[in-house]
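Engineer:
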Amino acid sequence: MKKTTPALSVLLVLLASAAHAQTQIQTTIDQSKAQQVARIAIPFPGLPAGLDPQKINALFFAPLTRDIAESGVFAIAPLPPNVPPTPDLLKRISAAYLLDLRFSTTPAGGGGAEIDYLVDTRLVDSTGAEALPSKRYRAGEAALTKTAHTIASYIVRSINGKPGIFTTQIAFASNRDGFWEIYLMDWDGGNQRRITFHRGLSILPSWSPDDERMVYTSFSRNASEMYVINRRGGGRIKIHTGLALNTSARFSPVGHDIAFVGSVNGNPDIYVIRDDATNLRRLTTSYSIESTPEWSPNGRQICFTSGRSGTPQIYVMDAEGTNIRRISFEGQWNDDARWAPDGERLAYTSRVNGVFQIRITNVVTGESHILAGEGSNEQPSWSPDGKWIAFQSNRSGKWQIYRMRADGTDLMPLTSQGENKEPDWSKKVE
Amino acid sequence: MTPRIALRLAARCALAVSLLGAGACVTSSDIQKLQSQINELQDQVAQLKRTASSKEEVQSVNARIAEQTQTLLKSNATMVAKVDQIEDRQNNLQGSIEQTNYRIDHIVQQVTQAQHDLDETRAAVARLTPAPPATAPGAAAAPGAPPPGPASEVTVAADTESPTVEYQAAYRDYQRGNYDLAIAGFKDFIGKYPTSDLADNAAYWIGECLYSQKKYQDAIAQFDSVVNSYPQSDKVPSALLKKGYAYVNIGEKAQAIVQLQYVVHEHPKSPEATKAREELKRLGVESR
Numbered sequence: 001m002k003k004t005t006p007a008l009s010v011l012l013v014l015l016a017s018a019a020h021a022q023t024q025i026q027t028t029i030d031q032s033k034a035q036q037v038a039r040i041a042i043p044f045p046g047l048p049a050g051l052d053p054q055k056i057n058a059l060f061f062a063p064l065t066r067d068i069a070e071s072g073v074f075a076i077a078p079l080p081p082n083v084p085p086t087p088d089l090l091k092r093i094s095a096a097y098l099l100d101l102r103f104s105t106t107p108a109g110g111g112g113a114e115i116d117y118l119v120d121t122r123l124v125d126s127t128g129a130e131a132l133p134s135k136r137y138r139a140g141e142a143a144l145t146k147t148a149h150t151i152a153s154y155i156v157r158s159i160n161g162k163p164g165i166f167t168t169q170i171a172f173a174s175n176r177d178g179f180w181e182i183y184l185m186d187w188d189g190g191n192q193r194r195i196t197f198h199r200g201l202s203i204l205p206s207w208s209p210d211d212e213r214m215v216y217t218s219f220s221r222n223a224s225e226m227y228v229i230n231r232r233g234g235g236r237i238k239i240h241t242g243l244a245l246n247t248s249a250r251f252s253p254v255g256h257d258i259a260f261v262g263s264v265n266g267n268p269d270i271y272v273i274r275d276d277a278t279n280l281r282r283l284t285t286s287y288s289i290e291s292t293p294e295w296s297p298n299g300r301q302i303c304f305t306s307g308r309s310g311t312p313q314i315y316v317m318d319a320e321g322t323n324i325r326r327i328s329f330e331g332q333w334n335d336d337a338r339w340a341p342d343g344e345r346l347a348y349t350s351r352v353n354g355v356f357q358i359r360i361t362n363v364v365t366g367e368s369h370i371l372a373g374e375g376s377n378e379q380p381s382w383s384p385d386g387k388w389i390a391f392q393s394n395r396s397g398k399w400q401i402y403r404m405r406a407d408g409t410d411l412m413p414l415t416s417q418g419e420n421k422e423p424d425w426s427k428k429v430e
Numbered sequence: 431m432t433p434r435i436a437l438r439l440a441a442r443c444a445l446a447v448s449l450l451g452a453g454a455c456v457t458s459s460d461i462q463k464l465q466s467q468i469n470e471l472q473d474q475v476a477q478l479k480r481t482a483s484s485k486e487e488v489q490s491v492n493a494r495i496a497e498q499t500q501t502l503l504k505s506n507a508t509m510v511a512k513v514d515q516i517e518d519r520q521n522n523l524q525g526s527i528e529q530t531n532y533r534i535d536h537i538v539q540q541v542t543q544a545q546h547d548l549d550e551t552r553a554a555v556a557r558l559t560p561a562p563p564a565t566a567p568g569a570a571a572a573p574g575a576p577p578p579g580p581a582s583e584v585t586v587a588a589d590t591e592s593p594t595v596e597y598q599a600a601y602r603d604y605q606r607g608n609y610d611l612a613i614a615g616f617k618d619f620i621g622k623y624p625t626s627d628l629a630d631n632a633a634y635w636i637g638e639c640l641y642s643q644k645k646y647q648d649a650i651a652q653f654d655s656v657v658n659s660y661p662q663s664d665k666v667p668s669a670l671l672k673k674g675y676a677y678v679n680i681g682e683k684a685q686a687i688v689q690l691q692y693v694v695h696e697h698p699k700s701p702e703a704t705k706a707r708e709e710l711k712r713l714g715v716e717s718r
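Quick note, the sequences are listed as chains A and B, same order.
Numbering follows the numbering used here, in which position 286 of the first sequence is assigned residue number 286; successive positions increment by one, without gaps.
Throughout, the numbering used here is defined as the position within the second sequence, counted from one, plus 430.
1) If you draw a straight line from the alpha carbon of R250 of chain A to that of R236 of chain A, how long is it in whole angstroms?
2) So is S426 of chain A buried or exposed if we call it buried at 16+ other beta carbons inside 10 Å?
3) For chain A, is any of its Cβ atoms less than 7 Å away from the one on Q524 of chain B?
4) Check whether the Cβ of V364 of chain A lies closer than 7 Å to any Cβ atom in chain B.
5) In terms of residues, what are the limits of the beta strand (DSSP E) holding A362 of chain A?
6) Count the other CB atoms, across all protein chains shown, that sit within 10 Å of the CB of S626 of chain B; report buried if there are 16 or more and exposed otherwise.
7) 7 Å is my cut-off, CB to CB: does E367 of chain A come that close to chain B?
8) Can you give me the Cβ contacts of S32 of chain A inside the same chain, cut-off strictly under 7 Å, excluding the 5 residues immediately before and after it?
9) Would you tell me roughly how many angstroms separate the C-alpha atoms of V555 of chain B and L548 of chain B, rounded to the nearest one?
10) List in chain order: all unbroken alpha helix (DSSP H) runs of 4+ residues lying wholly within the region 346-418 of chain A.
11) Report the rounded CA-to-CA distance for L280 of chain A versus V272 of chain A, giving the unit in angstroms.
12) Going along chain A in order, which residues have a C-beta closer than 8 Å to the C-beta of Y646 of chain B?
13) Do you know offhand how far Y634 of chain B's Cα is from D120 of chain A's?
14) Are the beta-carbon atoms of S306 of chain A and S288 of chain A separated by less than 7 Å?
15) Nearest by alpha-carbon distance to G331 of chain A: which of A:D318, A:T196, A:G310, A:I324 is it?
16) Report yes if the C-beta distance between G397 of chain A and D342 of chain A is below 7 Å; otherwise report no.
17) To test your reading of the DSSP string, which unbroken beta strand (DSSP E) runs of 3 or more residues are found completely within the region 163-247 of chain A?
18) Along chain A, which residues have their Cβ under 8 Å away from the Cβ of S642 of chain B?
19) Pairs of beta-carbons, one from the region 76-86 of chain A and one from the region 161-175 of chain A, closer than 8 Å: are there three or more?
20) Counting pairs of Cβ atoms below 8 Å between the region 358-373 of chain A and the region 319-337 of chain A, do you hit three or more?
21) Sort out for me which residues DSSP pairs L99 of chain A with in a bridge.
22) Just to confirm my understanding: we take V37 of chain A, look at its own chain, exclude 5 residues before and 5 after, and list those with CB closer than 6 Å. What are they?
23) Is W399 of chain A near the ligand MG, with its Cβ less than 6 Å from a heavy atom?
24) Could you have a look at P45 of chain A and say whether DSSP puts it in helix, strand or coil?
25) Less than 7 Å between the C-beta atoms of T247 of chain A and T278 of chain A, yes or no?
26) Using a Cβ cut-off of 7 Å, pull out every chain B residue sitting near Y348 of chain A, in sequence order please.
27) Keeping to the same chain, check which residues put their C-beta closer than 7 Å to that of G674 of chain B; ignore five residues upstream and five downstream.
28) Apart from the five residues on each side of it in sequence, which residues of its chain come closer than 6 Å, Cβ to Cβ, to M226 of chain A?
29) Only counting the same chain, and skipping five residues up and downstream in sequence, which positions put a Cβ closer than 7 Å to that of N160 of chain A?
30) Look at the alpha carbon of L474 of chain A and the alpha carbon of R193 of chain A, and state the distance between them as a whole number of angstroms.
31) How big is the Cα-Cα spacing for K699 of chain B and S368 of chain A?
32) If you measure from the beta carbon of F179 of chain A to each beta carbon in chain B, is any gap under 7 Å?
33) Output the distance between the C-alpha atoms of I25 of chain A and I370 of chain A, rounded to the nearest integer angstrom.
34) Please tell me whether A420 of chain A has its Cβ less than 7 Å away from any Cβ of chain B.
35) Would you kindly check if the distance between the Cβ of T106 of chain A and the Cβ of D116 of chain A is under 7 Å?
36) Who are the Cβ neighbours of S663 of chain B in its own chain at under 7 Å, not counting the five residues just before and after it?
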């Protein structure tokens, strides 16, 4: 075989992988275009007197239409303003469905001036026949956006047959209030709220499989501690492991185990402990540094980063710590692997030409490609339907969280206040 | 302290001498007494001198020890750096081995695929070529014998799936948690390609599927089959250890201990042995 200089072979590999990545994206886009997308008309809801259309738009209509537009099941058919959506008009704009929304109000109860919104939802096809049973939703102002996501989910699930992710949440770490704390947001970046109050450094959140709890790392007096809280931020308990390092904790998708990075005598290894702080087990025993564990969706395997080959690379082992094999072979730095819900794909941070990018590798076939973007792009987290990836990027000069489809398209920033990192998408689809 | 005592002694001696010279009425016993006192003092001075010299020695010994400690510390630091270097080199070697294995795996897969394609082509060619007459050469074909079938009837075998694709389909089922399907797939694979480079992996995955389903007795039998059928496989230490864990899970402690000790004995330097030792410790058994 002819000798190639190392630099040239690296270039060739990069060219090949870039070409490969491009083909992948191209194919996926073509497939999504070929998919049957139904056009749907959604007129602005009829409002009773006294309701502010701007407010209803911001809290309800905008998130609802955005969900439906991004569902991959529907395309929004544009309606001319102030024209009633008659069957003729629907035909003219080639809309297969019409979503008819009507608002009314009722006293919220409790004797105050508060009101509840009643939203009547009706989906009809182009002939005017009912496509779905009508439904009435009731919500106070604070829950109106959640209702919009719920309605979008109901419609998409009913037409598509597959559950949606519009009511899912993304946990993340942010320093917007001066300290690094854990926050939550809706899947579209709405409703961002803080749930931890350590006034220190709280990072790396991970959802439990039922989305009821979260485990995260908090540093106090330079020691890292593992905490579990419920989804509202209450019921905080500390998991005592007895180890020097307690970080990168991840809830198992089955059972009650938590995988994390612990250390004895300064050498970080992957450990597992039950969520009641019993049954501590060490899974890796090498002299090198092991970090960032993540469970496979069937809970039988754990991927992790190890420096045992001289550079950080992704490895997979059985849940007992046996049968270790290497997954990443491209790039000199690979870390933060997260398993897609299909159990087949891993997304991880991979250094390409000196910057970090998100790489997708199929653990079954070994195929791998980069989802290139501006700046450094790190810490991917899959949506529970495996169609989206949330990640952190410094492309704006500050670390912010973004969301994109798993093929790299439809990029959308989700955060803007302070710096925001380490997204973890909730686990359940509806 | 020492010089001051010496001065005081010298002063006392001078006083004694001056008294000796000045006094006329001094008895010989007094002189003797003084003489003995002077002797005593001389002894003390000599002793003090000796003490002083041994202190110097201690100081010099201390200095030498400090020097040696420094040298030792330096050489220790060099050793640590060298060990780090060796560890780095070992890691890099490990990395190269992993890369090489990865490439070899790919090549093996390609060769297996090429072999498979070649076999199929040969079979197709064999079907297309009419078989030579069974009778002696020159003998006329039996009248009424059916003519060779038309070429259009000859089809390439319907089963054109490659071994890799079949293996991946079963592995995909395992990843998705469809353990029964995965077991069936891996069994099929071993049946069809018993000598494939992936056969030992398939056998291990069957064991792992059974283990995942908590069918520990079946898993134990399967891990045994991995060890017996593929004694050279890199999956052997894992299979042996998993067998030990399976015994732990069904509460057969004695069997578990024997099995785990076997892992330590057979593969003492493997990561599996480290894990077996830890499990033995949990079971209350110390191992080497």
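Glycine is no exception: its CB is placed at the ideal position from the N, C-alpha and C atoms.
Structural biologist: Looking at the coordinates:
1) Stepping through the first sequence from its first residue, residue 250 of chain A is reached at position 250. Stepping through the first sequence from its first residue, residue 236 of chain A is reached at position 236. The alpha-carbon atoms of R250 of chain A and R236 of chain A are separated by roughly 16 Å.
2) Residue numbering aside, residue 426 of chain A sits at position 426 when the first sequence is read from its first letter. The residue in question, S426 of chain A, is buried, as its Cβ has 16 or more Cβ neighbours within 10 Å.
3) Residue 524 of chain B sits at position 94 when you count from the first residue of the second sequence. Answer yes: the Cβ-Cβ gap between Q524 of chain B and chain A drops below 7 Å somewhere.
4) Counted from its first residue, the first sequence places residue 364 of chain A at position 364. Yes, V364 of chain A lies at the interface with chain B (some Cβ there is under 7 Å from its Cβ).
5) Here residue 362 of chain A refers to the residue found at position 362 when the first sequence is read from its first residue. Here residue 362 of chain A turns out to be Asn, not Ala, going by the sequence shown. Note, N362 of chain A: beta strand (DSSP E), 355-362.
6) For this step, residue 626 of chain B is matched to residue 196 along the second sequence. Classification of S626 of chain B: buried, given that the 10 Å Cβ count is 16 or more.
7) Stepping through the first sequence from its first residue, residue 367 of chain A is reached at position 367. Not one chain B Cβ lies under 7 Å of E367 of chain A.
8) Against the first sequence, residue 32 of chain A aligns to sequence position 32. Note that S32 of chain A scores 43 on pLDDT, short of 50, meaning its location in the model is unreliable and no value can be drawn from it.
9) Here residue 555 of chain B corresponds to residue number 125 of the second sequence, with the count starting at 1. Here residue 548 of chain B corresponds to residue number 118 of the second sequence, with the count starting at 1. Going by the C-alpha atoms only, they are around 10 Å apart.
10) Counting only runs of at least 4 residues, the region 346-418 of chain A fully encloses no alpha helix (DSSP H) element at all.
11) In the first sequence, the residue the question calls residue 280 of chain A occupies position 280. In the first sequence, the residue the question calls residue 272 of chain A occupies position 272. CA-to-CA, the gap between L280 of chain A and V272 of chain A works out to about 6 Å.
12) By 1-based counting over the second sequence, the position of residue 646 of chain B is 216. Listed by position along chain A, the residues whose Cβ is nearer than 8 Å to that of Y646 of chain B form an empty set, because the closest Cβ is around 13 Å away.
13) Taking the second sequence and counting its residues from 1, one reaches residue 634 of chain B at position 204. Taking the first sequence and counting its residues from 1, one reaches residue 120 of chain A at position 120. For Y634 of chain B and D120 of chain A, the distance between alpha carbons rounds to 56 Å.
14) As a working mapping, residue 306 of chain A is identified with position 306 in the first sequence. As a working mapping, residue 288 of chain A is identified with position 288 in the first sequence. Taking 7 Å as the Cβ cut-off, S306 of chain A and S288 of chain A qualify as a contacting pair.
15) Along the first sequence, read from residue 1 onward, the residue named residue 331 of chain A stands at position 331. G331 of chain A has its Cα closest to that of A:G310, out of A:D318, A:T196, A:G310, A:I324.
16) The residue you call residue 397 of chain A lines up with position 397 of the first sequence. The residue you call residue 342 of chain A lines up with position 342 of the first sequence. No, Cβ-Cβ distance for G397 of chain A and D342 of chain A is not below 7 Å.
17) 169-174, 181-186, 201-207, 213-220, 223-230, 237-239
18) What you label residue 642 of chain B is simply residue 212 of the second sequence in a count that begins at 1. Within 8 Å Cβ-Cβ: N298, R300.
19) A contact between stretches requires three or more CB pairs, one per stretch, nearer than 8 Å, and the region 76-86 of chain A fails this requirement with the region 161-175 of chain A.
20) Short answer: they touch.
21) The residue given as residue 99 of chain A occupies position 99 in the first sequence. The partner list for L99 of chain A (beta bridge, DSSP) reads A:L123.
22) As a working mapping, residue 37 of chain A is identified with position 37 in the first sequence. Counting only Cβ-Cβ distances below 6 Å, and skipping sequence neighbours, we find A75.
23) In the structure shown, the ligand MG is absent, as is every other ligand, since no ligand is present at all.
24) Here residue 45 of chain A corresponds to residue number 45 of the first sequence, with the count starting at 1. Coil, per DSSP.
25) One-based indexing of the first sequence puts residue 247 of chain A at position 247. One-based indexing of the first sequence puts residue 278 of chain A at position 278. The answer is no: Cβ separation not under 7 Å.
26) Against the first sequence, residue 348 of chain A aligns to sequence position 348. Those within 7 Å of Y348 of chain A in chain B number zero; the least Cβ separation is about 16 Å.
27) The residue labelled residue 674 of chain B in the question sits at position 244 within the second sequence. Within the same chain, G674 of chain B has close Cβ partners A686, Q689, L690, V693, A706, E709.
28) Numbered from its first residue, the first sequence carries residue 226 of chain A at position 226. The answer, listed in chain order, is I239, N246, A249.
29) Translated into positions along the first sequence, residue 160 of chain A becomes position 160. V73.
30) Any property of residue 474 of chain A remains undetermined from this structure, which presents chain A solely from 1 to 430.
31) Indexing the second sequence from 1 puts residue 699 of chain B at position 269. Indexing the first sequence from 1 puts residue 368 of chain A at position 368. C-alpha separation (whole angstroms): 33 Å.
32) Mapped onto the first sequence, residue 179 of chain A falls at position 179. Not an interface residue.
33) As a first step, residue 25 of chain A must be located in the first sequence, where it is residue number 25. As a first step, residue 370 of chain A must be located in the first sequence, where it is residue number 370. Only weak support is given to the placement of I25 of chain A: the predicted model assigns it a pLDDT of 34, under 50, and the question is left unresolved by the model.
34) In the first sequence, residue 420 of chain A corresponds to position 420, counting from 1. Per the sequence presented here, residue 420 of chain A reads as Asn, with Ala not at that position. Chain B, which has no Cβ nearer than 7 Å to the Cβ of N420 of chain A, makes this no.
35) Counted from its first residue, the first sequence places residue 116 of chain A at position 116. Counted from its first residue, the first sequence places residue 106 of chain A at position 106. In this structure, D116 of chain A sits near T106 of chain A, with a CB-CB distance shorter than 7 Å.
36) Along the second sequence, read from residue 1 onward, the residue named residue 663 of chain B stands at position 233. D630, V656, listed in sequence order.
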